[in-house]
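Chemist: One structure follows; several queries about it will come next.
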Amino acid sequence: MTTTAMTPAQGLRMPPQGPRLFAARDPFLATHLDTYGTIPDVTPAQLLEQVRISGLTGRGGAGFPTAAKLETVTANAPAVVVANGAEGEPASRKDAELLRRAPHLVLDGIEVAARITGAGEAFAYLRPEVVPLVRQALAERSGLRITVVAAPDTFVSGQETAVVSALAGGPALPRFSRHRIFQRGVGGRATLVQNVETLAQLALIARYGGVWFASAGTPDSTGTFLATVHPVGQALTTAPAVWEVTHGLPLRQVLAGTAGRPPEELQAVLVGGYHGTWLPLPAALDAPLSRAGLEPYGAGLGAGVMIPLAKSACGLELTASIAGYLARESAKQCGPCQFGLPELAQNFAALAAGQVGRSGLDAVRRSTGLVEGRGVCRHPDGTARLIRSALRVFGDDVLLHQHGRCLARIGEPYGGVL
Amino acid sequence: MTRPLVVDWTACRGRGLCADLLPELLTQDHWGFPENRSRGPILVPDELEGPARRAVRMCPALALRLDAELPGPR
Ligand code: SF4
Ligand code: SF4
Numbered sequence: 023m024t025t026t027a028m029t030p031a032q033g034l035r036m037p038p039q040g041p042r043l044f045a046a047r048d049p050f051l052a053t054h055l056d057t058y059g060t061i062p063d064v065t066p067a068q069l070l071e072q073v074r075i076s077g078l079t080g081r082g083g084a085g086f087p088t089a090a091k092l093e094t095v096t097a098n099a100p101a102v103v104v105a106n107g108a109e110g111e112p113a114s115r116k117d118a119e120l121l122r123r124a125p126h127l128v129l130d131g132i133e134v135a136a137r138i139t140g141a142g143e144a145f146a147y148l149r150p151e152v153v154p155l156v157r158q159a160l161a162e163r164s165g166l167r168i169t170v171v172a173a174p175d176t177f178v179s180g181q182e183t184a185v186v187s188a189l190a191g192g193p194a195l196p197r198f199s200r201h202r203i204f205q206r207g208v209g210g211r212a213t214l215v216q217n218v219e220t221l222a223q224l225a226l227i228a229r230y231g232g233v234w235f236a237s238a239g240t241p242d243s244t245g246t247f248l249a250t251v252h253p254v255g256q257a258l259t260t261a262p263a264v265w266e267v268t269h270g271l272p273l274r275q276v277l278a279g280t281a282g283r284p285p286e287e288l289q290a291v292l293v294g295g296y297h298g299t300w301l302p303l304p305a306a307l308d309a310p311l312s313r314a315g316l317e318p319y320g321a322g323l324g325a326g327v328m329i330p331l332a333k334s335a336c337g338l339e340l341t342a343s344i345a346g347y348l349a350r351e352s353a354k355q356c357g358p359c360q361f362g363l364p365e366l367a368q369n370f371a372a373l374a375a376g377q378v379g380r381s382g383l384d385a386v387r388r389s390t391g392l393v394e395g396r397g398v399c400r401h402p403d404g405t406a407r408l409i410r411s412a413l414r415v416f417g418d419d420v421l422l423h424q425h426g427r428c429l430a431r432i433g434e435p436y437g438g439v440l
Numbered sequence: 016m017t018r019p020l021v022v023d024w025t026a027c028r029g030r031g032l033c034a035d036l037l038p039e040l041l042t043q044d045h046w047g048f049p050e051n052r053s054r055g056p057i058l059v060p061d062e063l064e065g066p067a068r069r070a071v072r073m074c075p076a077l078a079l080r081l082d083a084e085l086p087g088p089r
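So, in structure tokens, the structure goes:
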């Protein structure tokens, strides 16, 4: 790292070159401070202004502007800050990886968020396996008291209302409430639930400012983000790679590095995780990984998960197995989700198995419409998004399956031409 | 003015009383849960406010709520 004559004062550092979140070579406090320096002593209003300039958006999936969220919570003070590292999405590994490699950035981010919102209390709500790592990091520092809570290993445990319920000692299930949690959440207080990566980015903005943050990325998607990229043709449980990626990088480059196969041999990629959107390949290979870049495909980065699909695999089959998983992960509180997701998954599985002819597609469409917007959390809507994108991107394959054939196995003896 | 009719899906037991009281807006899906006749949120126009309030009062599960305005961003 280069320090120049511009280094202003004791403990302050110039920003790292190259990776931002993954710049430190080990997770310990001494290395953290050596890499990033201390946070300058500025007012909450100045910090908030820098967040506004940075254009930072939430990295948990919804992509909501962080400054706006901070402002609303601050307006409803006294507040509580919650770092959300539940990472209930099983295809995502980036939050766990961040906490393993840079726990102090996340803890700094919690302190910055608490400073901005005037919160006197904070929680870290985390995947069980990273809890000891974070406790270890906490033992190295003093300052704000942060209570570490293990999140149950379910898909919906990280939904904001589920987080609030869990921290109040209730079940980690989404809740219906008259109030938004940023008005009334944990203990009836305004609650900021922020993904751990968002907080780590906040820790960098507090040090180097909003202009520096936005110097990487695109105008509408500033800075870097963490991507979880899965290897091609292996079980979804195979350890994926986690990369820090600059917004705007073409999809091709992320896939070339990790998919383990030339991007030209891929058929599609699921972007955003199990609640995400299929993108057709090679058509979308040069799409920039940013809000504007993915919009034409009806997609967003979500929490940065990418699952590439080889030409030799069946996208409908994979989607069916994900839909089955999502149906089992319904928290079974809301009727249309409890009954609708299994029905949808079943209809989709029948379509993917090539068993149902033409009526199969109508059945899938109908059951998709029956779950959308009809639950207290986003689980049904996210599932519907996945299904609709599969029908769109694998449209030709849907047609083949209606005739008992499959694009992936078209060369096999029983396949052949239509 | 139109007001959104919000269903607490964790409470609704799907017996369809609301669909009987508000047939202009609601039908029942095949499980019995209220289903909007059009896409998106259930929007109650002024002239149906009376029946909508009645549905809110009579829902046995206290699962309905008539809001003043459209929900903001999440
Ligand atoms: S919508 Fe589904 S997952 Fe969400 S709370 Fe209701 S039943 Fe649970
Ligand atoms: S009256 Fe209430 S419980 Fe019955 S279907 Fe309507 S919302 Fe559900």
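Line order of the protein sequences matches chains A and E. Residue numbers are given in my numbering: position 310 of the first sequence equals residue 332, and the series is strictly consecutive. Residue numbers are given in my numbering: position 74 of the second sequence equals residue 89, and the series is strictly consecutive. For every residue, glycine included, the Cβ atom is placed at its ideal position computed from N, Cα and C. Keep in mind the model is a prediction, meaning the values are calculated, not measured.
Enumerate in chain order the residues of its own chain whose CB-to-CB distance from residue 211 of chain A is below 7 Å, with the five nearest sequence positions on each side excluded.
Modeler: 100, 101 and 102, listed in sequence order.
Chemist: Using the C-alpha atoms, what's the distance from residue 395 of chain A back to residue 87 of chain E?
Modeler: Here residue 87 of chain E scores only 48 on pLDDT, less than 50, and its place in the model should not be relied on; the value that follows carries that caveat. Roughly 15 Å separates the two Cα atoms.
Chemist: Assign residue 38 of chain E to one of three DSSP states: helix, strand, or coil.
Modeler: If DSSP states are grouped into helix, strand and coil, residue 38 of chain E belongs with coil.
Chemist: Give the straight-line distance between the Cα atoms of residue 30 of chain E and residue 389 of chain A, rounded to the nearest whole angstrom.
Modeler: Answer to the nearest angstrom: the Cα atoms are 20 Å apart.
Chemist: I'd like the list of long-range same chain contacts for residue 25 of chain A, defined as Cβ closer than 8 Å, with 5 residues on each side in sequence excluded.
Modeler: In this prediction, residue 25 of chain A has a pLDDT of 46, which is less than 50 and means its spatial position is unreliable; what the coordinates show is noted afterwards. Once the five neighbours on either side are set aside, the close Cβ partners of residue 25 of chain A are 35 and 36.
Chemist: Ligand 1 heavy atoms versus the CB of residue 356 of chain A: any closer than 7 Å?
Modeler: Answer for residue 356 of chain A: yes, Cβ within range of ligand 1.
Chemist: So residue 27 of chain E contacts chain A; which residues on that side make the cut at Cβ distance below 8 Å?
Modeler: Going along chain A in sequence order, the residues near residue 27 of chain E (Cβ under 8 Å) are 356 and 357.
Chemist: Could you tell me whether any Cβ in chain E is nearer than 8 Å to the Cβ of residue 395 of chain A?
Modeler: With 8 Å as the cut-off, residue 395 of chain A counts as an interface residue toward chain E.
Chemist: As a quick exercise: from A:404, A:160, A:47 and A:421, pick the residue whose alpha carbon is nearest that of residue 292 of chain A.
Modeler: Checked all of A:404, A:160, A:47 and A:421; the closest Cα to residue 292 of chain A is A:404.
Chemist: Going by C-alpha distance, which of A:125, A:162 and A:135 is nearest residue 153 of chain A?
Modeler: Per the Cα distances, A:125.
Chemist: Using alpha carbons as the reference points, say which of E:81, E:43 and E:25 lies closest to residue 64 of chain E.
Modeler: If we check each option's Cα against that of residue 64 of chain E, E:81 comes out closest.
Chemist: Inspect the beta-carbon positions of residue 189 of chain A and residue 355 of chain A and report whether they are closer than 8 Å.
Modeler: Contact flag unset, no.
Chemist: Which partner residues of residue 169 of chain A appear in the DSSP bridge assignment?
Modeler: The partner list for residue 169 of chain A (beta bridge, DSSP) reads A:145.
Chemist: Straight-line CA distance for residue 11 of chain A to residue 431 of chain A?
Modeler: Past the edges of chain A, shown from 23 to 440, lies residue 11 of chain A, and the structure says nothing about it.
Chemist: Residue range of the alpha helix (DSSP H) that residue 341 of chain A falls in?
Modeler: Note, residue 341 of chain A: alpha helix (DSSP H), 337-350.
Chemist: Starting from residue 239 of chain A, follow its DSSP beta bridges and name the residues at the other end.
Modeler: Paired residue(s): A:244.
Chemist: Taking 8 Å as the CB-CB cut-off, is residue 35 of chain E touching chain A?
Modeler: Taking Cβ atoms only, chain A never reaches closer than 8 Å to residue 35 of chain E, which makes this a no.
Chemist: What residue range is occupied by the uninterrupted alpha helix (DSSP H) comprising residue 127 of chain A?
Modeler: Element bounds for residue 127 of chain A: 125-139.
Chemist: Measure the CB-CB distance between residue 111 of chain A and residue 347 of chain A and report whether it falls below 8 Å.
Modeler: No, Cβ-Cβ distance for residue 111 of chain A and residue 347 of chain A is not below 8 Å.
Chemist: Enumerate in chain order the residues of its own chain whose CB-to-CB distance from residue 51 of chain A is below 8 Å, with the five nearest sequence positions on each side excluded.
Modeler: Excluding positions up to five away in sequence, the list reads 126, 159, 162 and 163.
Chemist: When you compare the CB of residue 65 of chain E with every CB in chain A, is at least one pair closer than 8 Å?
Modeler: With 8 Å as the cut-off, residue 65 of chain E does not count as an interface residue toward chain A.
Chemist: Kindly say whether residue 5 of chain E, judged by its beta-carbon, lies nearer than 8 Å to any beta-carbon of chain A.
Modeler: Because chain E is modelled from 16 through 89, residue 5 of chain E falls outside the range shown and cannot be assessed.
Chemist: Sorry if obvious, but does the Cβ on residue 198 of chain A come closer than 7 Å to a heavy atom of ligand 2?
Modeler: No, ligand 2 has no heavy atom inside 7 Å of this Cβ.
Chemist: Does any residue of chain A bring its CB to less than 8 Å from the CB of residue 61 of chain E?
Modeler: No - not a single Cβ of chain A is within 8 Å of the one on residue 61 of chain E.
Chemist: Is there at least one Cβ from chain E nearer than 8 Å to residue 177 of chain A's Cβ?
Modeler: Output row for residue 177 of chain A: interface = no.
Chemist: When burial is assigned at 16 or more other CB atoms within 10 Å of the CB, is residue 40 of chain A buried or exposed?
Modeler: The residue is exposed, with fewer than 16 neighbouring Cβ atoms inside 10 Å.
Chemist: At a cut-off of 7 Å, is residue 362 of chain A close to ligand 2 when judged by its beta-carbon and the heavy atoms of the ligand?
Modeler: Result no, Cβ not under 7 Å from ligand 2.
Chemist: What residue range does the beta strand (DSSP E) around residue 162 of chain A cover?
Modeler: No beta strand (DSSP E) holds residue 162 of chain A; DSSP gives it neither H nor E.
Chemist: Threshold first: 4 residues or longer. Then list the alpha helix (DSSP H) segments lying entirely within the segment 259-332 of chain A, N to C.
Modeler: The segment 259-332 of chain A contains these whole alpha helix (DSSP H) runs: 273-280 and 313-316.
Chemist: Just how far apart, CA to CA, sit residue 272 of chain A and residue 59 of chain A?
Modeler: The straight-line gap from Cα to Cα measures roughly 32 Å.
Chemist: Indicate whether at least one CB of chain E lies closer than 8 Å to the CB of residue 436 of chain A.
Modeler: Because residue 436 of chain A carries a pLDDT of 49, less than 50, the predicted location of this residue cannot be relied on, and the following value inherits that uncertainty. Cβ-Cβ to chain E under 8 Å: no for residue 436 of chain A.
Chemist: If contact is defined by three or more beta carbon pairs under 8 Å, each pair taking one atom from either stretch, is the segment 17-25 of chain E in contact with the segment 374-392 of chain A?
Modeler: No, the segment 374-392 of chain A is not in contact with the segment 17-25 of chain E.
Chemist: If you draw a straight line from the C-alpha of residue 274 of chain A to the C-alpha of residue 221 of chain A, how long is it?
Modeler: Those two C-alpha atoms are separated by around 28 Å.
Chemist: Please state whether the Cβ-Cβ distance between residue 301 of chain A and residue 314 of chain A is less than 8 Å.
Modeler: For residue 301 of chain A and residue 314 of chain A, no; Cβs fall outside 8 Å.
Chemist: Between residue 117 of chain A and residue 74 of chain E, what straight-line distance do the alpha-carbon atoms span, to the nearest angstrom?
Modeler: Those two C-alpha atoms are separated by around 42 Å.
Chemist: Which chain E residues sit within Cβ distance under 9 Å of residue 120 of chain A?
Modeler: Chain E residues near residue 120 of chain A: none, gap ~23 Å exceeds 9 Å.
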